[in-house]
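Engineer: This is the structure I want to talk about, given as structure tokens.
So this is what it looks like as structure tokens:
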């Protein structure tokens, strides 16, 4: 019965978020609630929930009656799943509502009072920190609805302050004039920038928080590093960044090259304190207490009364997990890992022999009970799928394997099992990641992390442990230098492959194939499951039908048109160069394109197609196994009154005399693209009337970028399509939706 209720609850949460995110295809910050509180659908669902609760009580009473008779009733199983599924769906709805209310919904200028949480990141003269809003006062401006959700103010704001007047420390309470913007991240409510031009930041007070201890420990580690560092050792500046990442969850000192190294070798999970680190620390504490007390009590000939060594070991594991989580700042993945460890420890306290599947189910249910939104994050699925595949290849086997063979089998199962999720979330597969993790995981988990804790303790004790701390630091430096050297060698083999994002059906089919491959060797024809990976790896390049018109927004974000052999990049000159570069790199990663460019996207010699827009051509080169890489950038000027032919791409443009504006119509063998620039209705009509012969189309594909969907009524009147296809990470606005419905046009969401 417990398994039935847990499965129903987890399934209800998963189904709700799968529906609102269109199969986990869009970010949660871009979704809307399935219904409003006062809608008729809400009343029906509330009534169904109450009815399900009554039914659940009756079923549970029936279960208690028939339990003694050992009669299995399938009706109680179905009813239990339905009841707990309703509970899970309703709980997910409440969490979704609270999540949306805590998000910044639009750019605006506000004055907020709040507390600095976490460890500030200082880069040059700029400091970035998390700012947790406190209870609003009369002068504060709020974002979101009025309904008091469960976690309305739980998401912090990521704030950047250029040239702060004072040192930012954890626990400080400030009143900031902020320019805030929305963010698609699940972990922050938005992005804020301190604007000192129209307000003065005020330090109001300071509160005691455990982040202050983390801040002091960080400063102590930095001081210890400067004391024990030897000039001739040259650890390539890797020791302190890795120590801070493993001990405090502070990854601000890791360079872009370090991140790229971990990503290309499949070891990025080592520097994010999550289930792996919490589990290793808890296991280490469990083993130390269990075997230490067992042999220690035997030596002193003392017997414990009322408590067993196993119970103390479980308690030590629990305490170690939560203390380590506090040191890491209780980030979302860290909190999730601590809840998982707590669930497993409590389960083992009541049931000495626990089924692995039940422990996974209980852990997942506990995580979703405290944080239902976690189900849309990559770390949730990667963590639980990794544990499931580990149990799958180690449990239920005849005989026992040697430690080395077991470890190799685990790494092989993780590589195969997590490949579909890695492609879905990151678009990358480190083909030699199994080899990297064979050595890196035990090295970091059983050597670097314990030595890092020892060095932190010795560093806090001061000069009395100078010689011992110096020896530990020397050993740590050698291990970390060896780790980075080995990973750099694997990275040099260029075995990290990039793929465009596959479909959800291809991911599910590949996961099923991975489960079949992890079955025992005696299962006949299980290797045929390799064929189930073909849709995942062979998704290829998605082509747009030539007879479909692509409507692209251009104000003010980046537009990239993929022509298989080249990319056409169009953007606004009013964006910062850094943001344009970041968006372009993100696009390359999403499309599975490696970057072999030896120059930035924008340079001083780039030509602009107008006073407002730039247009670039990025050449692509094909490689084996569906791989492509960007090799060169070329700029060209296209803002002319007559059509300009470029390869298979013809460009029609309209320039208003004396007006800083440019609208482009691009058509070629790969499709037709309409770049809609800013302008009033008369200018849009003039542009459309001049190109009616090439705008006729039965289908219009509207690309949603950053909340902008420029699908004007004039455009729909001229084209008169039968169908409008909407794709992207945002929700169609009410105005565009009304325009489509008023013309009886079919709307398709992708």
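Numbering (our numbering), first residue to last: 91 to 840. Think of the CB as a built atom: it goes at the ideal place given N, C-alpha and C, for glycine as much as any other residue.
Can you name, in chain order, every residue of its own chain whose Cβ lies under 6 Å from the Cβ of residue 837, other than the five neighbours on each side?
Structural biologist: For residue 837, where only same-chain residues beyond five positions count, the Cβ hits under 6 Å are 814 and 830.
Engineer: Going by alpha carbons, who is nearest to residue 254 out of 537, 292 and 306?
Structural biologist: Cα-wise, what sits closest to residue 254 is 292.
Engineer: When you compare only the Cα positions, how much space is there between residue 479 and residue 262?
Structural biologist: Straight-line Cα distance between these residues: approximately 44 Å.
Engineer: State whether the region 451-459 contacts the region 92-101, with contact taken as three or more CB pairs (one from each stretch) at a distance under 8 Å.
Structural biologist: Result yes; three or more Cβ-Cβ pairs closer than 8 Å.
Engineer: Comparing C-alpha positions only, which one of 473, 436 and 509 sits nearest to residue 879?
Structural biologist: Because the chain in this structure spans residues 91 to 840, residue 879 falls outside the shown range and cannot be described.
Engineer: What is the rounded straight-line gap between the Cα of residue 597 and the Cα of residue 517?
Structural biologist: One C-alpha to the other measures close to 12 Å.
Engineer: Is it the case that the Cβ atoms of residue 409 and residue 368 are separated by a distance below 8 Å?
Structural biologist: Cβ atoms of residue 409 and residue 368: not closer than 8 Å.
Engineer: Do residue 93 and residue 451 have their C-beta atoms closer together than 8 Å?
Structural biologist: The answer is yes: Cβ separation under 8 Å.
Engineer: Excluding sequence positions up to five away, which residues of its chain have a Cβ less than 6 Å from the Cβ of residue 603?
Structural biologist: The residues are 619, 622 and 623.
Engineer: Between which two residues does the alpha helix (DSSP H) holding residue 114 run?
Structural biologist: Segment: none, residue 114 is in no alpha helix (DSSP H) and carries neither H nor E.
Engineer: When you compare the CB positions of residue 706 and residue 659, do they come within less than 8 Å of one another, or not?
Structural biologist: Their beta carbons are under 8 Å apart, which means residue 706 touches residue 659 by this criterion.
Engineer: Might you give, ordered along the chain, the residues of its own chain that have their beta carbon closer than 7 Å to the beta carbon of residue 280, omitting 5 neighbours on each side?
Structural biologist: 193, 194, 247, 270, 271, 272 and 273.
Engineer: Return the chain-ordered list of same chain residues with a C-beta closer than 7 Å to the C-beta of residue 104, the five sequence neighbours on each side being excluded.
Structural biologist: Excluding positions up to five away in sequence, the list reads 465.
Engineer: Distance check for residue 180 and residue 110, CA to CA, integer angstroms please.
Structural biologist: Taking the straight line joining both Cα atoms gives about 13 Å.
Engineer: Measuring CB to CB, does residue 685 end up less than 8 Å from residue 719?
Structural biologist: In contact: residue 685 and residue 719 (Cβ atoms closer than 8 Å).
Engineer: So for residue 829, helix, strand or coil by DSSP?
Structural biologist: Three-state DSSP puts residue 829 in a helix.
Engineer: Evaluate contact between the region 326-336 and the region 369-378, counting only Cβ atoms and requiring at least three cross-stretch pairs below 8 Å.
Structural biologist: Because the criterion of three Cβ pairs below 8 Å is not met, the region 326-336 and the region 369-378 do not touch.
Engineer: May I ask which residues mark the beginning and end of the alpha helix (DSSP H) holding residue 348?
Structural biologist: Note, residue 348: alpha helix (DSSP H), 346-354.
Engineer: Does DSSP put residue 268 in a helix, a strand or coil?
Structural biologist: Strand, per DSSP.
Engineer: Using beta carbons (cut-off 8 Å, strictly below), is residue 351 in contact with chain B?
Structural biologist: Any reference to chain B falls outside this structure, which holds one protein chain only.
Engineer: For the candidate residues 557, 249 and 212, whose alpha-carbon lies nearest to that of residue 222?
Structural biologist: Of 557, 249 and 212, the residue nearest in Cα terms is 249.
Engineer: Cα-Cα, which of 123, 251, 532 and 415 is closest to residue 184?
Structural biologist: Considering only alpha carbons, the answer is 123.
Engineer: In the DSSP assignment, find the unbroken alpha helix (DSSP H) run with residue 589 in it and report its ends.
Structural biologist: Counting along the chain, residue 589 falls outside any alpha helix (DSSP H), and DSSP gives it neither H nor E.
Engineer: List the endpoints of the continuous alpha helix (DSSP H) containing residue 381.
Structural biologist: That run of the alpha helix (DSSP H) goes 365-390.
Engineer: Is there contact here, the region 291-305 with the region 196-212, by at least three beta-carbon pairs under 8 Å?
Structural biologist: They touch, by the three-pair rule.
Engineer: Considering only the beta carbon of each residue, do residue 626 and residue 585 sit closer than 8 Å?
Structural biologist: Not in contact: residue 626 and residue 585 (Cβ atoms no closer than 8 Å).
Engineer: Would you mind listing the beta strand (DSSP E) stretches within the region 252-300 that are 3+ residues and don't spill past its ends, in chain order?
Structural biologist: DSSP runs (the beta strand (DSSP E)) wholly in the region 252-300: 262-271, 280-284 and 292-296.
Engineer: Measure how close the beta-carbons of residue 289 and residue 267 come, nearest whole angstrom, since I'm counting them as under 8 Å.
Structural biologist: With 8 Å as the limit, residue 289 and residue 267 qualify as a contact, their Cβ atoms being about 3 Å apart.
Engineer: Taking only the alpha-carbon atoms, compute the straight-line gap between residue 682 and residue 362 and give it to the nearest angstrom.
Structural biologist: Cα-Cα distance, rounded: 23 Å.
Engineer: Out of 419, 380, 283 and 667, which one is the CA nearest neighbour of residue 251?
Structural biologist: Residue 283 is the option with its Cα nearest to residue 251.
Engineer: On the three-state DSSP scale, how would you describe residue 199?
Structural biologist: Residue state, collapsed to three classes: strand.
Engineer: Just the Cα atoms here: how many angstroms apart are residue 874 and residue 678?
Structural biologist: Examination of residue 874 is not possible in this model, given that the chain is present from 91 through 840 alone.
Engineer: So what does DSSP say about residue 722, is it helix, strand or coil?
Structural biologist: Of the three classes helix, strand and coil, the one that applies to residue 722 here is strand, per DSSP.
Engineer: Buried or exposed for residue 577, going by 16 or more other Cβ atoms inside 10 Å?
Structural biologist: Result: buried.
Engineer: Are there three or more Cβ pairs, one per stretch, closer than 8 Å when the region 553-564 is compared with the region 389-405?
Structural biologist: Result no; under three Cβ-Cβ pairs closer than 8 Å.
Engineer: Any chance you could list the beta strand (DSSP E) runs of at least 3 consecutive residues sitting entirely within the region 510-541, in chain order?
Structural biologist: DSSP runs (the beta strand (DSSP E)) wholly in the region 510-541: 518-520.
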